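Okay, so here's the structure we're looking at.
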Amino acid sequence: MLFVVGGILLGSAATGYDGNCYGFTDGVSGCSFEDYMSIQIQWLFILMIPAAVVVSVVAILNLILSQLSKI
126 MLFVVGGILL
136 GSAATGYDGN
146 CYGFTDGVSG
156 CSFEDYMSIQ
166 IQWLFILMIP
176 AAVVVSVVAI
186 LNLILSQLSK
196 I
């Protein structure tokens with residue numbers, strides 16, 4: 126599931142390139158496609174790591190609860 130979401134986000138970033146990079150507070154500046162994708166991949170990982178941790182914790186808790194229900 127996370128790979129599907131990641132692929133969709135990267136595809137969206139690749140098709141959304143307009144020759145500009147948008148800074149958090151400093152506006153817009155021109156940049157290459159490589160710089161643009163580097164920034165997009167960085168944000169993708171920043172957002173996907175917490176999602177992966179949450180999914181892992183939920184899966185582990187589900188496994189524990191299913192084992193406890195057998196007792």
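In the working numbering, the protein residues as written are 126 to 196. Note that the Cβ used here is the ideal one computed from N, Cα and C, for glycine as well. It should be emphasised that the depicted structure is a prediction, and the values quoted were computed from it without experimental measurement.
Counted as a single uninterrupted DSSP element, the beta strand (DSSP E) harbouring SER154 occupies residues 153-155.
DSSP, read as helix, strand or coil, puts TYR142 in coil. Under the DSSP assignment, ILE189 falls in the alpha helix (DSSP H) whose first and last residues are 158-194. Each residue's CA atom was taken as its position, placing SER157 and ALA184 some 40 Å apart. In this structure, ALA139 sits near MET162, with a CB-CB distance shorter than 8 Å.
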